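These notes concern the structure reproduced below.
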Amino acid sequence: MYTIIEHEKFQHKAEQIWTTEERLEFLSYLSQNPLSGDVIPHADGMRKIRWQANGKGKRGGVRIIYFNLLEDGVIVALDIYAKNVKENLSNQDIKQLKGEKNG
Numbered sequence: 001m002y003t004i005i006e007h008e009k010f011q012h013k014a015e016q017i018w019t020t021e022e023r024l025e026f027l028s029y030l031s032q033n034p035l036s037g038d039v040i041p042h043a044d045g046m047r048k049i050r051w052q053a054n055g056k057g058k059r060g061g062v063r064i065i066y067f068n069l070l071e072d073g074v075i076v077a078l079d080i081y082a083k084n085v086k087e088n089l090s091n092q093d094i095k096q097l098k099g100e101k102n103g
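Residue 25 in UniProt numbering sits at position 25 of the sequence shown; the count goes up by one each step and never skips.
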């Protein structure tokens, strides 16, 4: 099991989307399955995982952006957004997330 670090942006948005129980359920899953998300092309190893929100299932749920520092035993949750808000990340989104990852 890995330690999860929640970026400030992730924490703020997750509080608006999930209950505490839902958030902890996801973080527990991620800590046990750090490679479960899809690698985002040209994003320095960041991954996107689909997850349910408020009983909507994965297709109508949320997307979480994270990256792994597995050699350090750490996973960093960077961002979360509802699928109905944004389907895919733009190049600008990826550039911004890279800055947050490295900053």
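Cβ coordinates follow ideal geometry from the N, Cα and C atoms, glycine included. It should be emphasised that the depicted structure is a prediction, and the values quoted were computed from it without experimental measurement.
The alpha helix (DSSP H) enclosing residue i, as first and last residue numbers
{"i": "residue 135", "result": "With the chain covering only 1 through 103, there is no way to say anything about residue 135."}
{"i": "L24", "result": "20–32"}
Range of the contiguous beta strand (DSSP E) that encloses residue i
{"i": "Y2", "result": "Unbroken run through Y2: none, as it is neither H nor E."}
{"i": "I49", "result": "47–51"}
{"i": "L78", "result": "74–82"}
Anticipated Cβ contact below 8 angstroms, residue i with residue j, distance rounded
{"i": "K9", "j": "L78", "result": "7 angstroms"}
{"i": "G61", "j": "R47", "result": "16 angstroms between Cβ atoms; not a contact."}
Backbone CA spacing between residue i and residue j [nearest angstrom]
{"i": "A53", "j": "L27", "result": "14 angstroms"}
{"i": "K101", "j": "R50", "result": "20 angstroms"}
{"i": "L69", "j": "E21", "result": "25 angstroms"}
Cβ-based neighbour list, residue i, same chain, cut-off 7 angstroms, excluding 5 preceding and 5 following
{"i": "I17", "result": "A53, V62, I80, A82"}
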